[in-house]
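Read through the structure below, which is laid out as structure tokens, and then see the notes.
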Amino acid sequence: MSNTSRKRREALVYHAKPKPGKIQIVPTKKYATQRDLSLAYSPGVAEPCLEIEKDKENAYKYTTKGNLVAVISNGTAVLGLGDIGPEASKPVMEGKGLLFKIFADIDVFDIEVDTKDVDKFIETVKNIAPTFGGINLEDIKAPEAFEIERRLKAELDIPVMHDDQHGTAIISAAALLNALELAKKKIQKVKIVISGAGAAAVSCTKLYKAFGAKAENIVMLDSKGVIRKDRENLSEEKAEFATARKIDTLEQAMKDADVFVGLSIADIVSPEMLNSMAKRPIVFAMANPNPEIDYELAMKTRKDIIMATGRSDHPNQVNNVLGFPFIFRGALDVRATKINEEMKKAAVKALAELAKEAVPEQVNIAYGETRLNFGPDYIIPKPFDPRLIAKVPPAVAKAAMESGVARQDIQDWDKYEEELLERMGNENKITRMLINRAKTNPKRIVFAEADHLDVLKAAQIVRDEGIGYPILLGRRDVIKELMTEIDFEDDDVLIIDSKSDEEADHRQNYANKYWETRHRNGVTKYDAQKLMRERNYFAAMMVNEGDADALLSGYSRAYPTVVKPMLEVIGMAKGVTRVAATNVMNTSRGPLFISDTSINIDPSAKDLAKIAQMTARVVKLFGMEPVIAMISYANFGSSKDPKAKKVKEAVSYLHRFYPELNVDGELQADFALNREMLQNKFPFSKLAGKKVNTLIYPELDSANSTYKLIKELNDVDSIGPIMMGMKKPVHILQLGASVEEMVNMAAVAVVDAQEKEKRLKKEVGA
């Protein structure tokens with residue numbers, strides 16, 4: 001099976017399993033008792049119904065209306081697939097709903113309308129509008145899309161936006177303002193070429209004009225060439241941008257142009273056209289998946305170019321997810337009656353200004369950058385930037401209030417910003433950030449149990465996604481057979497059977513090296529040779545000798561049996577006296593680090609302090625500032641039992657020698673995680689008023705049980721156990737880890753290798 005066929009199958013399985021679709025409805029109220037049900041439905045539900053009958057605005061108080069958006073399409077212009085019908089558009093609409101939820105915590109019903117008749121479509125949307133706080137129109141073909149949006153905006157009293165038009169316009173306008181600033185050009189004077197005349201191109205051009213671009217300086221092209229005033233039968237939208245210039249082709253239009261905006265088809269801009277543009281040209285080649293001119297070719301052709309594309313693998317991605325979730329968030333939060341030009345312009349300015357601010361370390365980490373700075377390769381924020389939720393919605397909300405379309409004012413903007421940031425606690429950004437970072441500099445990973453199907457599936461994903469370069473360790477015949485079963489092409493994948501005759505030289509070399517380091521610990525040469533036939537010893541030696549960069553094992557064997565060879569072969573990092581492990585739990589309140597989950601059964605007070613220090617470093621590796629609670633059954637000296645005193649001593653040690661750490665205890669887990677309780681009861685604590693993201697437990701059984709309970713009861717994703725304190729990047733999986741968990745751990749191993757490589761370079765440089 002070809003790679004394309006396999007990708008197709010993976011996409012279909014993703015949407016079909018374990019249950020069809022990508023979104024579901026989850027109750028927000030208790031429903032355990034008859035009393036709960038009587039309040040949820042009859043007879044209790046009559047009371048809010050009567051209140052809403054008195055005043056329709058009460059629907060925002062008693063129902064989900066204020067946080068519910070309809071994503072509506074008739075399937076006439078779906079992605080690059082065209083008119084595929086309403087049913088076929090549903091996966092895309094569900095996907096849009098997913099993005100609304102994870103980026104702005106907005107709930108969505110996707111609605112697919114089976115009509116191409118404009119009047120019927122509008123009537124349908126108007127009839128269901130009372131359900132929603134906003135309407136997002138999606139994938140409706142032009143020119144019908146223009147009329148549908150225009151009429152719905154005029155006839156409804158809730159925000160309506162056709163994202164295909166305005167999303168790209170808002171993001172590209174922010175990029176354009178910043179690019180012009182860098183190029184030292186004025187928007188009122190630049191010559192702009194727009195390739196494409198669909199909904200997005202028209203909306204982009206209108207917004208550029210709203211920021212000062214002059215109509216006489218704009219040339220727009222469609223599939224027939226330059227849109228000129230003397231062309232017959234122009235639509236109203238195209239007529240607005242018709243030029244009086246006597247030119248017909250893109251080549252002619254590009255001469256001396258300052259800005260090119262492409263929303264058309266791939267490879268229509270040649271290097272010659274690019275060279276004919278003015279000094280410091282700005283090129284937004286946004287055709288997907290392939291831009292109007294290849295990024296590398298464009299950068300090679302013009303050294304003075306500022307370029308953006310629609311692709312994530314190049315700088316300056318014009319990505320609609322930077323806009324629509326946050327624009328609707330701001331509009332909903334003031335109960336806006338519409339999304340007007342002032343609100344769109346406010347979003348543009350907020351995005352443009354955000355790109356000029358210092359970038360948080362977690363964003364640099366996510367994109368594998370030393371330091372992202374405002375410049376030609378960074379003119380718009382990155383989608384993973386956590387500040388978007390706190391910057392764009394307030395700007396939109398303020399514009400709605402100032403322009404008179406808000407029905408509810410926000411008084412306390414600091415509190416509103418806090419609420420926005422809290423909305424992001426339920427999103428798995430940390431996993432995406434981790435994988436994205438790994439992909440910036442992939443490493444060679446030994447999968448020590450590659451003759452197990454799930455391990456092999458994980459290795460396949462790691463290779464296909466560019467996370468790392470898998471090295472498959474195990475029985476060659478079994479691995480080959482399993483690879484055939486899952487269509488894992490092995491042309492560029494190294495397969496090693498550590499017991500085979502082919503590896504005799506490697507085994508002997510590794511055995512000699514191992515014996516040299518262990519002969520004073522009772523290990524004979526014969527012992528060393530025998531051990532090298534065992535996959536975990538062999539794999540560890542591969543990493544130790546630089547034949548691989550990282551290692552994953554433990555899927556099929558008990559944790560202690562895998563830890564032993566790692567400690568014997570790899571050993572602890574310089575200055576480390578005890579290794580430990582932490583797990584990252586992607587909880588509804590945000591990432592939560594729990595230590596020690598796998599290794600230290602009953603650590604001493606000093607060991608606990610060291611575990612806290614190591615965990616803090618891992619938290620920072622994920623781009624977060626550690627806020628650490630040392631957990632006990634007691635609170636701040638309430639028990640004199642040795643177990644509680646041990647935790648207290650660890651905290652004292654940390655406060656004395658590492659005062660810069662945000663750490664305190666001993667604390668019960670509920671006080672650690674409930675900011676209000678902690679602030680009220682223990683206002684003196686270093687953690688008072690702070691959101692704890694790290695829990696250090698006093699012994700293994702409590703830490704291990706806690707993370708597994710969270711994982712199983714709440715269906716929470718877990719990343720770990722992450723080994724801390726090892727000299728080399730080796731990580732041990734939980735027995736029977738899922739494919740997803742192994743992929744995440746592979747990303748951890750790659751990032752760990754990246755960091756250790758950086759530290760080594762610094763030490764050598766020093």
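Final position of the sequence shown in full-length UniProt numbering is 766; the numbers increase by one with none missing. Glycine included, every Cβ here is placed at the ideal spot set by N, Cα and C. All of these numbers come straight from a predicted model, not from anything done at the bench.
Let me check understanding here. Comparing Cα to Cα, which of Ile306, Ile265 and Asp230 lies closest to valine 259?
Position 259 of the sequence shown, counting from 1, holds the residue named residue 259. Out of Ile306, Ile265 and Asp230, Ile306 has the C-alpha closest to the C-alpha of valine 259.
Counting pairs of Cβ atoms below 8 Å between the stretch 511-525 and the stretch 27-36, do you hit three or more?
no
Just to confirm the assignment: which complete alpha helix (DSSP H) runs, minimum length 4, are found wholly within the stretch 337-384?
341-354 and 361-366
With distances taken Cα to Cα, identify the nearest neighbour of asparagine 178 among Tyr208, Ile570, Ala397 and Ser195.
Stepping through the sequence shown from its first residue, residue 178 is reached at position 178. Of the listed residues, the one whose Cα sits closest to asparagine 178 is Tyr208.
Cβ atoms of alanine 573 and valine 446: under 8 Å apart, would you say?
Numbered from 1 along the sequence shown, position 446 holds the residue referred to as residue 446. Numbered from 1 along the sequence shown, position 573 holds the residue referred to as residue 573. Cβ atoms of valine 446 and alanine 573: not closer than 8 Å.
Burial state of proline 642, where buried means 16 or more other Cβ atoms lie within 10 Å:
The residue given as residue 642 occupies position 642 in the sequence shown. With fewer than 16 other Cβ atoms within 10 Å, it is exposed.
Residues in its own chain within less than 7 Å of glutamate 417 by CB, not counting five upstream and five downstream?
Within the sequence shown, numbered from 1, the residue matching residue 417 stands at position 417. Excluding five sequence positions before and after glutamate 417, the CB atoms of its chain that fall closer than 7 Å to its own CB belong to Ala390 and Pro394, given in chain order.
N-terminal and C-terminal residue of the alpha helix (DSSP H) that methionine 93 is part of
The sequence position of residue 93 within the sequence shown is 93, counting from 1. Methionine 93 -> alpha helix (DSSP H) spans 86-104.
Just confirm the distance between the C-beta atoms of leucine 700 and tyrosine 559, as a whole number of angstroms; I'd bet it's less than 8 Å.
Here residue 700 refers to the residue found at position 700 when the sequence shown is read from its first residue. Here residue 559 refers to the residue found at position 559 when the sequence shown is read from its first residue. Between tyrosine 559 and leucine 700 the Cβ distance is about 11 Å, and since that is not below 8 Å, they are no contact.
Enumerate, from N- to C-terminal direction, the unbroken alpha helix (DSSP H) stretches of 4 or more residues contained entirely within the stretch 429-459.
429-440
Reference asparagine 58; option with closest CA among Met483, Gly21 and Thr131
For the purposes of this step, residue 58 is taken as residue 58 along the sequence shown, with counting starting at 1. Considering only alpha carbons, the answer is Thr131.
Going along the chain, which residues of its own chain have a beta-carbon closer than 6 Å to the beta-carbon of isoleucine 327, five neighbours each way excluded?
On the sequence shown, position 327 is the one that residue 327 refers to. Closer than 6 Å at the Cβ level, and outside the excluded window around isoleucine 327, lie Ala347 and Val396.
Check whether the stretch 612-624 and the stretch 726-746 touch, using three or more Cβ-Cβ pairs below 8 Å as the test.
no
How many angstroms separate the CA atom of leucine 79 from the CA atom of arginine 533?
One-based indexing of the sequence shown puts residue 79 at position 79. One-based indexing of the sequence shown puts residue 533 at position 533. Cα to Cα, leucine 79 sits roughly 53 Å from arginine 533.
For proline 591, three-class secondary structure by DSSP:
If you number the sequence shown from 1, residue 591 lands on position 591. Three-state result, proline 591: strand.
Valine 45 by DSSP, collapsed to three states: which one?
The residue labelled residue 45 in the question sits at position 45 within the sequence shown. Here valine 45 sits in coil by DSSP.
Hey, how far is the Cα of glutamate 485 from the Cα of leucine 472?
By one-based count along the sequence shown, residue 485 stands at place 485. By one-based count along the sequence shown, residue 472 stands at place 472. Between the alpha carbons of glutamate 485 and leucine 472 lies a gap of roughly 16 Å.
Quick check: the Cα distance between asparagine 635 and lysine 681, rounded to an integer number of angstroms?
Along the sequence shown, one-based indexing puts residue 635 at 635. Along the sequence shown, one-based indexing puts residue 681 at 681. Taking the straight line from one Cα to the other gives about 10 Å.
Relative to the C-alpha of lysine 480, which residue among Ala450, Asp670 and Lys7 is closest?
What you label residue 480 is simply residue 480 of the sequence shown in a count that begins at 1. Selected option, being the one with the closest Cα: Ala450.
Is the separation between the beta-carbon of glycine 474 and that of arginine 444 shorter than 8 Å?
Stepping through the sequence shown from its first residue, residue 474 is reached at position 474. Stepping through the sequence shown from its first residue, residue 444 is reached at position 444. For glycine 474 and arginine 444, no; Cβs fall outside 8 Å.
Sheet register partners of alanine 285 (DSSP bridge):
Taking the sequence shown and counting its residues from 1, the one referred to as residue 285 is at position 285. Beta-bridge partners of alanine 285 (DSSP): Gly262 and Thr309.
How about glycine 720 and threonine 561: are their beta carbons less than 8 Å apart?
Position 720 of the sequence shown, counted from the start, is the residue given in the question as residue 720. Position 561 of the sequence shown, counted from the start, is the residue given in the question as residue 561. Going by C-beta atoms, glycine 720 is not nearer than 8 Å to threonine 561.
According to DSSP, residues forming a beta bridge with serine 73:
By 1-based counting over the sequence shown, the position of residue 73 is 73. Partner(s): Glu112.
Rounded to whole angstroms, what's the CA-CA distance from glutamate 427 to arginine 507? Just pull it up for me.
Indexing the sequence shown from 1 puts residue 427 at position 427. Indexing the sequence shown from 1 puts residue 507 at position 507. Because glutamate 427 carries a pLDDT of 46, less than 50, the predicted location of this residue cannot be relied on, and the following value inherits that uncertainty. Cα-Cα distance, rounded: 46 Å.
Using the C-alpha atoms, what's the distance from asparagine 662 back to alanine 406?
Taking the first residue of the sequence shown as position 1, residue 406 is located at position 406. Taking the first residue of the sequence shown as position 1, residue 662 is located at position 662. Straight-line Cα distance between these residues: approximately 41 Å.
My guess is that isoleucine 194 and alanine 201 are in contact by the Cβ rule of under 8 Å, so how many angstroms apart are they, rounded?
As a first step, residue 194 must be located in the sequence shown, where it is residue number 194. As a first step, residue 201 must be located in the sequence shown, where it is residue number 201. Distance from isoleucine 194 to alanine 201 at the Cβ level is roughly 5 Å; contact confirmed, criterion being Cβ atoms closer than 8 Å.
Which value, in whole angstroms, describes the spacing of the CA atoms of valine 392 and serine 604?
Locating residue 392 in the sequence shown gives position 392, where the first residue counts as 1. Locating residue 604 in the sequence shown gives position 604, where the first residue counts as 1. For valine 392 and serine 604, the distance between alpha carbons rounds to 48 Å.
If we call anything under 8 Å between Cβ atoms a contact, is residue 767 one with isoleucine 268?
Nothing can be reported for residue 767, as the shown portion of the chain is limited to 1 through 766.
Inter-residue CB distance, leucine 263 and methionine 286 (contact presumed, cutoff 8 Å)
In the sequence shown, the residue the question calls residue 263 occupies position 263. In the sequence shown, the residue the question calls residue 286 occupies position 286. Going by Cβ atoms, the distance from leucine 263 to methionine 286 rounds to 6 Å, so yes, they are a contact pair.
Let me check understanding here. Comparing Cα to Cα, which of Leu176, Ile148 and Ala154 lies closest to aspartate 163?
For the purposes of this step, residue 163 is taken as the residue at position 163 of the sequence shown. The shortest C-alpha separation from aspartate 163 is found at Ile148.
Exposed or buried, tyrosine 537, counting other C-beta atoms within 10 Å across all chains shown (16 or more means buried)?
Along the sequence shown, read from residue 1 onward, the residue named residue 537 stands at position 537. By the neighbour-count rule (16 or more Cβ atoms within 10 Å), tyrosine 537 is buried.
I'd like the list of long-range same chain contacts for valine 318, defined as Cβ closer than 8 Å, with 5 residues on each side in sequence excluded.
Here the question's residue 318 lines up with position 318 in the sequence shown. Excluding positions up to five away in sequence, the list reads Thr168, Ile171, Ser172, Ala175, Phe284, Met286, Ala308, Thr309, Gly310 and Ile380.
Based on the DSSP output, what are the partners of histidine 731 in its beta bridges?
Residue mapping note: residue 731 aligns to position 731 of the sequence shown, counting from 1. Partner(s): Leu552.
State the DSSP-derived secondary structure class of glycine 330, mapped to helix, strand or coil.
Numbered from its first residue, the sequence shown carries residue 330 at position 330. Helix.
Would you grab the beta carbon distance between valine 69 and glycine 134 for me? Rounded to a whole angstrom, and I think it's under 8 Å.
Locating residue 69 in the sequence shown gives position 69, counting from the first residue. Locating residue 134 in the sequence shown gives position 134, counting from the first residue. The Cβ separation is near 4 Å, so the contact holds.
How would you label tyrosine 295, buried or exposed, when you count the other beta carbons within 10 angstroms and need 16 or more for buried?
Here the question's residue 295 lines up with position 295 in the sequence shown. Looking at its Cβ environment, which holds 16 or more other Cβ atoms inside 10 Å, tyrosine 295 is buried.
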